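Quick note on the UniProt record's numbering: the sequence shown kicks off at 1 and runs consecutively. Ideal placement from N, C-alpha and C gives every residue a C-beta, glycine not left out. Owing to the predicted nature of the structure, the values given are computational and were not obtained by experimental measurement. Right, one structure below, let's go through it.
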Amino acid sequence: MGYRSPTAQGRGFCVTEHSSTSRETLADEFGQSIDPLAALEPTFKETTVDPFQVFSEEVLNARNLSSATLGHFGYVFDEWRSHMYEMGRHPACPALEHVEAYIETQRAPKQEGGRGNTSRTIKEKLRKLNRAYQYWQADPVFPHEDGYNPFELAKKRVPLRVKKTKEHRKVTIPELRDMIASVTSLRGRTLIMLQLKLGLRAGEVSNLRLEDCRLTESRTNEAYSNLGSHEALGTRSNLVYIPSRDERNGNKSVRPRLLPLDTELRSLLDRYLYARPKNGEPWLFLSKKSHTQMTVKGVNKVWKSNFHPEYAETDSYRPITSHFGRHRFTTYWRVEQNLNRQLVKYLRGDRTGSFTNSSGIDAYLHAYYEDIEATYREKIYRLTQDV
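Spelled out as structure tokens, the structure:
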């Protein structure tokens, strides 16, 4: 019959019951088990090896993921271990009902002893757990066979409806100019304009170093000896280098990219750098209090403090935060300027070419800085009247 945890009942909620009579009958007729991993538990209990640790060492650590991503995997695995120990089963040997009980615990209200998570959050946790389970199925040192995956099965049996994603606001260029005009802080205006004009993520802004930015004929070059010294810049003038996630921890783009700095942005950066504390820190943007590297949270705070509550979340629209700049940047080039898709992908730091169909023409299409520089400098929108 369907699994019902005494612990779960004590919290004020129960696992959704599914009629399993037909399943059990079919299993009996074919000599199959509805709980095939139960037989593996004695050995897993005896071993000192943690299956999740094996997955982390062999898969996660080899991918150069950010510390935040690794931390979230660890949190989910710890949460699953606790859940399974409460169920009286080793974490590597779940039955379908154990996964369903986990889902119910996750979405039950906190006042009833649950986690109160959204369907989107629960799906993301299941995705991480499923990645570990699929690795166990693939690695021959584990006894998990291909024919049974309780995480995949639970997702089919338990509905997890995700609310419709809200739209991003349609903000015109004149409206953007008004928004920028309202930002009185030089540091804040520079940061926001950098994201609007280059489509950078908050993490990429946080990770920008002085060596990544080259301002030709800038009055700040003497003040910062390492300004624009990154070897990727070559002999080019007035541009910025955005490293890939493989080169700089915390960045998300799969490929590095060079992006032009137009006259408007160069002037603003020049003024900002002239006023920036010269304390030996390598980061372009510093936190307000400690004058050390600005965090992603700090980047978002700049946007929220300048544009909320006017542009906060509504019933129809997402809030305008730091990620809005990347959406507006992409929409401008692809929709409003009809720029070639491969060139837009270059500007965003996405893979160019196709990695799913190696025989298609897309696999032979590539984009480079020289392909976008002239077009960018000619057509990028102006957001101030200062230059």
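Any idea what DSSP makes of residue i, helix, strand or coil?
i: Tyr-3; result: Residue placement at Tyr-3 cannot be trusted, given a pLDDT of 33 that sits under 50; what the coordinates show is reported in the next sentence. Tyr-3: coil per DSSP, three-state reduction.
i: Ile-380; result: coil
i: Val-240; result: strand
i: Pro-260; result: strand
i: Tyr-317; result: strand
i: Glu-217; result: coil
i: Leu-65; result: coil
i: Gln-385; result: coil
i: Glu-167; result: strand
i: Arg-266; result: helix
i: Leu-194; result: helix
Roughly how many angstroms lie between the CA atoms of residue i and residue j, to the nearest whole one?
i: Gln-106; j: Ile-242; result: 38 Å
i: Ala-92; j: Ser-56; result: 14 Å
i: Phe-151; j: Leu-126; result: 7 Å
i: Thr-375; j: Tyr-311; result: 31 Å
i: Pro-159; j: Glu-41; result: 29 Å
i: Tyr-346; j: Ala-367; result: 6 Å
i: Ser-253; j: Arg-348; result: 8 Å
i: His-327; j: Lys-123; result: 24 Å
i: Ser-33; j: Thr-25; result: 11 Å
i: Ala-68; j: Phe-30; result: 46 Å
i: Lys-60; j: Phe-77; result: What sits at residue 60 in the sequence shown is Leu, not Lys. Each residue's alpha carbon lies about 13 Å from the other.
i: Leu-210; j: Phe-44; result: 51 Å
i: Asn-221; j: Tyr-381; result: 26 Å
i: Tyr-317; j: Lys-304; result: 15 Å
i: Ala-138; j: Gln-53; result: 16 Å
Between the options, which has its C-alpha nearest residue i's C-alpha?
i: Ser-119; options: Leu-233, Met-179, Ile-192, Arg-161; result: Arg-161
i: Arg-169; options: Pro-282, Thr-331, Asn-207; result: Thr-331
i: Leu-261; options: Leu-26, Lys-155, Pro-94, Cys-213; result: Cys-213
i: Asp-350; options: Arg-201, Leu-194, Gly-74; result: Arg-201
i: Pro-51; options: Arg-23, Glu-378, Tyr-135, Leu-37; result: Tyr-135
i: Glu-217; options: Arg-131, Lys-155, Arg-266, Asn-300; result: Arg-266
i: residue 398; options: Ser-22, Val-49, His-323, Arg-157; result: Nothing can be reported for residue 398: it is not among the residues displayed for the chain, which extend from 1 to 387.
i: Thr-263; options: Ile-372, Ser-237, Val-205, Tyr-274; result: Ser-237
i: Glu-58; options: Thr-47, Asp-315, Ser-305, Val-141; result: Val-141
i: Thr-121; options: Gln-111, Thr-21, Ile-103, Gly-113; result: Ile-103
Measuring only between beta-carbons, confirm whether residue i sits less than 9 Å from chain B.
i: Leu-215; result: No chain B appears in this structure, which consists of one protein chain only.
Do residue i and residue j have their C-beta atoms within less than 9 Å of each other?
i: Asp-270; j: Leu-343; result: no
i: Leu-176; j: Leu-284; result: no
i: Leu-383; j: Leu-196; result: yes
i: Lys-128; j: His-72; result: yes
i: Asn-117; j: Tyr-133; result: no
i: Gly-325; j: Ile-180; result: no
i: Ala-38; j: Ala-95; result: yes
i: Ala-101; j: His-83; result: yes
i: Thr-190; j: Tyr-85; result: no
i: Val-171; j: Ile-320; result: yes
I'd like to confirm something about residue i: is its beta-carbon nearer than 8 Å to some heavy atom of the ligand GTP, or not?
i: Leu-160; result: Here there are no bound small molecules, and the ligand GTP is not part of this structure.
Contact between the segment 181–198 and the segment 245–254 is defined here as three or more beta-carbon pairs at a separation below 8 Å; is this criterion met? Contact between the segment 181–198 and the segment 245–254 is absent, because fewer than three Cβ pairs lie under 8 Å.
Do the segment 267–281 and the segment 229–236 touch if we need at least three Cβ pairs shorter than 8 Å? Judged by Cβ distances under 8 Å, the segment 267–281 makes no contact with the segment 229–236, as fewer than three pairs qualify.
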